[in-house]
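A.B. asks: Sharing a structure with you now.
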Amino acid sequence: MEIIHVSAECYPVAKAGGLGDVVGALPKYCNEAGAIAKVVMPMYRTKYLYAHEWDVVHKGYTHMGDWWFPYTVIREKTNELGFDLYLVDIYGLLDREKVYGYDDDTERFTAFQIAVVDWISLWKHRPDVVHVHDHQAALIPFMFKYCHAYRHLQDIPTVLTIHNGQYQGWMGWDKYTYIPAYDSWKAGMLEWRGTINPLASGIKCAWKVTTVSRTYLDELRQHANGLEALLEYERGKCVGILNGIDPSVWDPATDHYFSEHFNVETVREGKAKNKAHLCERFQLDASKPLITFIGRLVGEKGADLLPQSIEDSFYYIGRKMNFLILGSGFPEIEWRLNALKTMARGDYNVFIGYDETLSHLMYAGADFILMPSRVEPCGLNQMYAMRYGTVPVVRNTGGLRDTVIDYGDRHGYGIRFEQATVGDMTHGIFRSVELYQQQEKLQELRRRMMQLDFSWQSCVRYYLDLYEGLALE
Ligand code: ADP
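Quick note on our numbering: the sequence shown kicks off at 12 and runs consecutively.
Take a look at the structure:
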């Protein structure tokens, strides 16, 4: 069974969030289970590109509207990631350092998808499934089904995974010529509420749609940034499959981003050493509980609640805890988090930016991780945190609800709060401080969390069943 993943991100080549982690791991574990999974992504100019050797496998020439462009497909020589990795280069569009955030992202990802489809259309064989991820690859099912030039691909089953339904890749109808020629009465398969909506098109045209947790699928029918009715209508082909984590990258006993390794038996000492490193680097007090946040500083993640909740915690609970924040996003949130430094020096610090190494050290050295998300499709941070013995303090939503049980409940291990409000989050912080004072209880919870199995090995079979079902259709 040959599965082609098409994605804008794949760890460690290029990652901006959870999508990268998933696409870097799912194919590897599918292959371990006997499938042949491959990844196709844009050829950004990242460190990974320059540090590896590549074979050119295809040089093509195609067009987006009346703009003709050459593209090149290269493959990593050694297969070191555990799957074939293909990068697509389009001069002038994809040859950039960052994954997203350019004014011409619409053109970049549309041209990328056209090049991928064009390349697959020239293969002598057909893959069994093409699995596309998020809106940056979601026009592919439409192209397979309805674009004249690719009609011969219409029998290839497609799967769309929604990692984040908030971003849909909207583009105006003035750009309809970007999409390779199709019968105009099929335009409805591209459209949602007056614009071309790639994610909506993917939901309409893919054979199956998956979301990254079951609760998120239920929630999308209520709040999906305008796509609620469509998801309700297409519910028959939607399924929620919880993401896994990659234990070859995320294991406190072997993690190559820090040196003080630990396991279930040595968690107390191991975490204390990593915490000491962190506290020294960020001028914090290692005797107090260390409460962290890692992620995009956006409303979706509830990051706007952090400054007020931290201030309130110091005011109402006292200077009994330390906070360390890692992330970047909205300038106003960044500014407010930076401004807090002067008020709470010694008990608070923030690192604005993206730093993979620091994130691993924080999972290892922190006592608690805050996730006050308004929307959380799956959430990987809480799973990484638990594997590293760090107690997640999460809002009861999406994948957080599916993975974290409050320690007050039977077999519980985390801290859950109901609303994405300053009050509820501050109460979560209060409970963290309380738990930290009961060291034996905390150690027991750490050991319990570390033994939970959130690995891909245990959830990859849900995807394989899905692919096999499609191949038989
Ligand atoms: P998202 O919605 O952002 O994809 P996920 O929880 O699915 O959220 O995945 C977040 C991933 O990105 C985790 O691996 C997390 O450690 C990482 N991450 C997020 N922000 C940063 C940052 N500023 N520096 C390092 N890693 C980060």
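We put the CB at the ideal spot given by N, CA and C, even for glycine.
Around the C-beta of V220, are 16 or more other C-beta atoms found within 10 angstroms, so that it is buried, or is it exposed?
C.D. replies: V220 should be labelled buried.
A.B. asks: I want to check one thing, is the minimum distance from the CB of H69 to the heavy atoms of the ligand GDP below 8 Å?
C.D. replies: Of the ligands one can find in the structure shown, namely the ligand ADP, none is the ligand GDP.
A.B. asks: Is it buried or exposed, G480, if we count other Cβ atoms within 10 angstroms and call 16 or more buried?
C.D. replies: exposed
A.B. asks: Beta-carbon within less than 8 Å of E118's beta-carbon, same chain only, minus the 5 sequence neighbours each way: which residues are those?
C.D. replies: M75, L104, Y189
A.B. asks: Kindly list the residues whose CB is nearer than 7 Å to the CB of E87, restricted to its own chain and excluding five residues on each side of it in sequence; keep chain order.
C.D. replies: Closer than 7 Å at Cβ, skipping near neighbours: H63, W65, L96.
A.B. asks: Would you mind working out which of S384, P388, S298, G255 sits nearest Q448, comparing C-alpha positions?
C.D. replies: S298
A.B. asks: Which residues mark the beginning and the end of the beta strand (DSSP E) in which I47 is found?
C.D. replies: 47 to 53
A.B. asks: Quick check: what's the CA-CA separation for P383 versus D166?
C.D. replies: 43 Å
A.B. asks: Would the beta-carbon of V34 fall within 9 Å of that of M52?
C.D. replies: yes
A.B. asks: Give the single residue among G340, K39, Y59, I15 whose Cα lies nearest to the Cα of P23.
C.D. replies: Y59
A.B. asks: Report the start-end ranges of each alpha helix (DSSP H) in the segment 103 to 159 that is 4 residues or longer and not cut off at the edges.
C.D. replies: 116 to 132, 151 to 157
A.B. asks: State buried or exposed for T89, treating a residue as buried only when at least 16 other CB atoms are found within 10 Å of its CB.
C.D. replies: exposed
A.B. asks: Could you work out which residue in Q124, T432, A396 is closest to D315 when comparing CA atoms only?
C.D. replies: T432
A.B. asks: Just grab the DSSP bridge partners of I85 for me.
C.D. replies: V67, L98
A.B. asks: Taking the alpha helix (DSSP H) that T172 belongs to, which residues open and close that run?
C.D. replies: Careful: T172 lies outside any alpha helix (DSSP H), inside the beta strand (DSSP E) at 169 to 173.
A.B. asks: Return yes when the Cβ of Q450 is within less than 9 Å of the Cβ of V278, no when it is not.
C.D. replies: In this structure, V278 sits away from Q450, with a CB-CB distance that is not shorter than 9 Å.
A.B. asks: What residue from A122, A19, Y473 has the CA that sits closest to N254's CA?
C.D. replies: Y473
A.B. asks: Are the CB atoms of R398 and F465 nearer to each other than 9 Å?
C.D. replies: Yes, these two residues count as a Cβ contact at 9 Å.
A.B. asks: Considering only residues of the segment 249 to 333, which uninterrupted beta strand (DSSP E) runs meet the minimum length of 3 residues and lie entirely inside it, listed in chain order?
C.D. replies: 249 to 251, 301 to 308
A.B. asks: DSSP state of V415, grouped into three classes?
C.D. replies: coil
A.B. asks: Determine which residues share a DSSP beta bridge with E202 and list them.
C.D. replies: I207
A.B. asks: Whole angstroms is fine: what's the gap from K135's alpha carbon to L164's?
C.D. replies: 12 Å
A.B. asks: From D229 to S212, what does the alpha carbon distance come to, in whole angstroms?
C.D. replies: 20 Å
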